[in-house]
Structure formats: structure tokens, C-alpha cells
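> All you need for my numbering is the position in the sequence shown, starting with 1, plus 2.
Ideal Cβ positions, reconstructed from N, Cα and C, are used throughout, including at glycine.
Please find one structure pasted underneath; my questions will follow.
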Amino acid sequence: MKLPSLLLFSAAGMFAGEPPVSPDTLVGEIVARHPELAFYEAEIEAARAGRRLAGIPADPEISLELGRKSVRASAGVLAGEGTAWSVSLAQTFEWPGRLALRKAIANRDVALAELGLARFKAALVARARTLACGLAAEEEKAAAVREVADRFAALKEVFLAREPAGVTPLLATRVIEAQELALQRRATAAALALQAALVELNQLRGAPVDAPLRVAALQLKFSAAPAFDVLLAAARENHFEFRARKLELEQQGFAVQLARHERRPSFTVSPFYSREGGNEQQTILGLGLSVPLPVTPRTRGAADLAEARRQQAATAVLVAEREMERGVIAAAQAFAAKTAEAVRWAPDSVRKFREAAALADRHYRLGAVPLATYVELQSAYLEATEALLDTQREALDAGQQLHLLTGLDFVAVEVKP
3 MKLPSLLLFS
13 AAGMFAGEPP
23 VSPDTLVGEI
33 VARHPELAFY
43 EAEIEAARAG
53 RRLAGIPADP
63 EISLELGRKS
73 VRASAGVLAG
83 EGTAWSVSLA
93 QTFEWPGRLA
103 LRKAIANRDV
113 ALAELGLARF
123 KAALVARART
133 LACGLAAEEE
143 KAAAVREVAD
153 RFAALKEVFL
163 AREPAGVTPL
173 LATRVIEAQE
183 LALQRRATAA
193 ALALQAALVE
203 LNQLRGAPVD
213 APLRVAALQL
223 KFSAAPAFDV
233 LLAAARENHF
243 EFRARKLELE
253 QQGFAVQLAR
263 HERRPSFTVS
273 PFYSREGGNE
283 QQTILGLGLS
293 VPLPVTPRTR
303 GAADLAEARR
313 QQAATAVLVA
323 EREMERGVIA
333 AAQAFAAKTA
343 EAVRWAPDSV
353 RKFREAAALA
363 DRHYRLGAVP
373 LATYVELQSA
383 YLEATEALLD
393 TQREALDAGQ
403 QLHLLTGLDF
413 VAVEVKP
């Protein structure tokens with residue numbers, strides 16, 4: 003048995019004994035089990051930990067000094083000796099508002115981390131739904147190719163079992179053999195596409211790559227998307243990349259304020275206590291104050307750097323907005339074109355082509371249909387099946403992309419088992 007047939011039979015056996023799973027159930031399983039979600043959840047926890055640290059002032063510092071003191075008279079005679087020690091506690095104080103700015107920057111880090119998780123989940127749902135529907139489509143394609151390939155294989159066996167009486171039967175045999183070879187190639191491609199979709203779905207849901215899976219039969223129903231202005235307005239509020247760039251701009255604005263605020267240096271207050279022994283006891287209690295001297299342009303340079311970063315963030319927002327608008331319009335146009343193409347197909351178009359191909363097979367064996375008509379009908383059945391399924395898949399991809407870009411809660415594609 004040839005390799006394409008082995009692949010097709012293997013796929014058929016893999017799916018035959020499995021109960022069908024609805025796409026919504028499969029999507030929910032993937033979202034619940036996908037291991038990469040833990041990365042984004044850990045990123046949120048790290049950002050929250052950074053926010054807690056941003057609102058905490060610096061820890062105080064304690065220092066202890068211990069030594070030996072000797073007192074000698076002018077003649078060099080030892081007048082006394084004893085222990086000398088001192089202890090001090092230093093606390094650095096920030097000017098009012100500085101901790102609040104740092105916490106505001108940390109809050110934007112948390113928002114960016116949460117946005118990253120939401121973006122990954124939305125992309126994962128879209129990819130899972132596309133793969134689930136694609137698996138059902140690839141299975142239907144493989145079944146159609148297998149059906150037609152079996153017909154040509156059976157006809158070839160019939161022709162080869164008898165001696166060709168003349169040129170016409172010989173040429174008919176060669177036509178059948180050529181069609182079978184072409185179908186074997188299409189069968190290989192269909193089986194490999196089916197296996198690739200199955201492997202990716204199993205990886206997404208955390209199952210073994212060779213785990214059997216069968217998606218329930220689907221009927222796709224497409225509804226019109228809103229107008230361009232509605233889509234663009236929604237995208238400005240919900241587009242993940244655009245929202246991330248706006249959050250980064252806000253964060254850089256706070257960073258500029260913080261850099262300017264830090265031109266006024268923080269100060270350190272350090273109360274201390276010391277005691278010295280010797281020929282007499284000395285005790286000192288005092289309060290120290292230390293302030294950095296801004297003699298270098300370091301603080302001004304930090305403010306200029308933060309302002310440059312803010313300008314870059316503002317430019318990134320404009321670029322992201324243009325890319326968002328271009329992506330939304332392109333996705334909306336693609337969705338409208340593909341849905342318009344899909345609705346031109348009658349619901350029973352594929353069934354009619356399948357019945358016509360089966361009818362041609364029966365009547366060709368009876369001699370009532372010429373070979374050219376038989377071959378044309380078998381090819382038309384396969385091409386119509388592939389064209390309809392590919393059009394529906396492309397419309398589904400465009401609808402999922404449009405939903406991902408705009409975040410609108412409308413059903414662009416209804417999936418009904």
C-alpha cells in the first residue's frame with residue numbers, strides 16, 4: 003500500500019473511535035491548560051512585587067564604632083586609657099511626592115503585565131478556534147480526497163484486470179492511472195495538513211502529540227461586521243498594542259516628573275551617641291545631617307534622558323495608531339470580501355457535487371457516461387469542496403483577527419456543531 007493511503011487510513015483510524023468535541027469545549031480546554039499562561043501570571047506577580055517595593059522608603063542604617071583611647075600628658079606620661087565607642091542611626095528621607103511618582107511608574111508596570119496576559123489569552127483563543135475549525139475542515143478535505151482516490155483505484159484495478167481491446171481502452175486506462183497518481187499527491191498533502199493541525203492542537207491543550215482528537219461537524223454562519231468608524235473607535239479603546247504604547251507613554255511621563263523631582267537631593271538624618279573612657283569619661287549625643295552636593299550635571303542629564311524617552315514613547319503611540327488603523331481596515335475588508343464569497347455558496351453545494359460524483363461513477367461503470375465527464379465531475383467535486391472550506395477558513399481567520407484587533411463583543415463568526 004502506498005504512503006498516502008497509509009497516512010489517510012492512519013488518520014481515519016485515529017479519529018474514528020473518538021467522540022466529537024465541540025470547538026468551544028476545545029478552546030476552553032486549551033485556555034485552561036496552556037503552560038505558557040504561567041509565564042504571564044508570574045510576570046504580573048513580579049510587577050506587583052515591584053509596586054510594593056516602590057512605595058516603601060529606604061531602610062535605616064545603623065553603624066557601630068569601637069576602639070581604645072589613650073590619654074598622655076605633655077611629658078608623654080600615660081594619664082589614662084579606656085574604651086571608646088559610638089553608635090549612630092541614619093535614615094534617608096525623600097521629598098514629598100517622590101515615592102508617589104515611583105509607585106505610579108510601578109502601577110503602569112502592573113497594567114502592562116496584565117495587558118500582556120489579556121493579549122496572550124485573546125490570541126490563544128483566536129488561534130485555538132481557528133485550529134479547531136481547521137481540523138474539522140482538513141478532516142473533511144481528507145475524506146473527500148480519500149473517497150475519490152478509492153474510486154480511481156478501483157477503476158484502475160478493473161481496467162488492469164482485463165486486456166485492453168484497442169487504443170481507446172488503453173488510453174482510458176492511462177487517464178485513470180494518471181488521475182490516481184495526481185490524487186495520491188493530493189491525498190498526501192491532505193493527510194499531512196490534517197496531522198499538522200492535530201499536532202498543534204494537542205500541544206496547545208497539553209496532550210501527547212499523537213493523542214486522538216475529532217472535532218464535531220461544523221456549520222459556519224457569518225454575520226456582517228460594524229462600520230469602519232465603529233471598528234476604529236473600538237480599536238482605539240481595546241487594541242492591545244495601542245493600549246500598551248499609551249501605557250508606556252504615561253509611564254515615561256511619570257519618569258520625567260521623577261527625574262526632575264530628583265534634582266532636589268534626598269537628605270540623611272543620623273542621630274548618634276558616643277562615649278570615651280580614659281582619665282575622664284566623655285559622652286556625646288548629637289544629630290547629623292548629610293546632603294549630596296549636586297556639583298555634576300548628573301541629575302540634569304537624567305531628566306534630559308527621561309524626556310527623550312518620553313518623546314520616543316509619544317512617537318511609538320502615533321506609529322501604533324497608524325498600524326492599528328491599517329490592520330483594522332485590512333481585516334474588515336478581508337472579512338467582508340470572504341464572507342461575501344462564502345454566502346454565494348448554497349448550503350448544500352458540496353452535497354450536490356458529492357452526489358453528482360457518485361452518480362457519475364455508477365453510470366460510467368455502466369457505460370452511460372464518457373470518461374471525460376467522469377473525470378471532470380470527480381475533479382469538480384474535490385475542487386468545490388476545497389474552495390468552500392478554504393473560503394470559510396479565510397473568512398474565519400479574518401473574523402478572528404478583526405475581533406482580536408477591536409475587542410468588540412460581537413459574533414463575527416458563529417460556530418454551530
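1. Flag this pair as touching only if the stretch 194-210 and the stretch 368-384 have three or more C-beta atom pairs under 8 angstroms; answer yes or no.
2. May I ask which residues mark the beginning and end of the beta strand (DSSP E) holding E67?
3. Which residue from A362, A386, P296, L287 puts its Cα closest to that of V89?
4. So A322 packs on L407, CB below 8 angstroms; how close in whole Å?
5. Report yes if the C-beta distance between E182 and F154 is below 7 angstroms; otherwise report no.
6. Measuring straight from C-alpha to C-alpha, what distance separates E116 and A124?
7. Within this structure, are the beta carbons of V258 and R346 separated by less than 7 angstroms?
8. Using beta-carbon positions only, say whether W185 and A151 come within less than 7 angstroms of one another.
9. From which residue to which residue does the beta strand (DSSP E) around Y265 run?
10. Answer yes or no: do R110 and Q253 have a C-beta to C-beta separation smaller than 7 angstroms?
11. Output yes or no for whether 7 angstroms exceeds the beta carbon distance between L410 and A236.
12. To the nearest angstrom, how far is the alpha carbon of S7 from that of T190?
13. Could you tell me which whole alpha helix (DSSP H) segments of length 4 or greater appear in the stretch 312-395?
14. Determine which residues share a DSSP beta bridge with E309 and list them.
15. Could you tell me if R148 is buried or exposed, where buried requires 16 or more neighbouring beta carbons within 10 angstroms of its beta carbon?
16. Would you call D61 buried or exposed, if buried means 16 or more other Cβ atoms sit within 10 Å of its Cβ?
17. Assuming L222 and L200 are in contact, meaning their beta carbons sit under 8 angstroms apart, how far apart are those beta carbons, in whole angstroms?
18. What's the call for V29, buried or exposed, on a 16-neighbour Cβ count within 10 Å?
19. Would T341 be called buried (16 or more neighbouring beta carbons within 10 Å of its own) or exposed?
20. With a 10 Å radius around its C-beta and 16 neighbouring C-beta atoms as the bar for buried, classify G99 as buried or exposed.
21. Just to confirm the assignment, what range does the beta strand (DSSP E) spanning L289 have?
22. Checking 7 angstroms against the spacing of the C-beta atoms, do A397 and F224 come in under that value?
23. Return yes when the Cβ of V319 is within less than 7 angstroms of the Cβ of R395, no when it is not.
24. What residue from L384, P22, A219, P59 has the CA that sits closest to L103's CA?
25. Mind checking V211: buried by the 16 CB within 10 Å criterion, or exposed?
26. Using beta-carbon positions only, say whether A213 and A261 come within less than 7 angstroms of one another.
27. Bridge partners for G82 per DSSP, in chain order?
28. Use the C-beta contact count for A374: other C-beta atoms within 10 angstroms, 16 or more gives buried, fewer gives exposed.
29. L234 lies in the alpha helix (DSSP H); which residues open and close that run?
30. Rank T270, V169, L157 by C-alpha distance to the C-alpha of R367 and give the top, closest one.
31. Give a yes or no on whether the C-beta atoms belonging to L249 and A113 are separated by under 7 angstroms.
32. Would you say H263 reaches chain B, if we count a Cβ-Cβ gap shorter than 7 angstroms as a contact?
33. Please name the residue in F269, G82, I32, F355 whose C-alpha comes closest to that of L390.
34. At the level of alpha carbons, what is the spacing between A48 and F41?
35. Which whole-angstrom value is the C-beta distance of A305 and R266, which I expect to be below 8 angstroms?
36. Just the Cα atoms here: how many angstroms apart are R187 and E179?
Quick answer:
1. no
2. 63-74
3. L287
4. Not a contact, Cβ separation roughly 12 angstroms.
5. yes
6. 12 angstroms
7. no
8. The identity of residue 185 in the sequence shown is Leu, whereas the question assumes Trp. Their beta carbons are under 7 angstroms apart, which means L185 touches A151 by this criterion.
9. Here residue 265 turns out to be Arg, not Tyr, going by the sequence shown. Premise fails: R265 is in no beta strand (DSSP E) and is neither H nor E.
10. yes
11. yes
12. Residue confidence for S7 is low, a pLDDT of 44 falling below 50, so the modelled location carries little weight; the figure read from the coordinates is stated next. Cα to Cα, S7 sits roughly 8 angstroms from T190.
13. 351-368
14. Its beta-bridge partners do not exist; DSSP assigns none.
15. buried
16. exposed
17. Between L200 and L222 the Cβ distance is about 20 angstroms, and since that is not below 8 angstroms, they are no contact.
18. buried
19. buried
20. exposed
21. 284-292
22. yes
23. no
24. P59
25. exposed
26. no
27. V73
28. exposed
29. 230-240
30. L157
31. yes
32. Annotation note: the requested chain B is absent from the structure, which comprises a single protein chain.
33. F355
34. 11 angstroms
35. Not really, about 12 angstroms apart at Cβ, beyond 8 angstroms.
36. 13 angstroms
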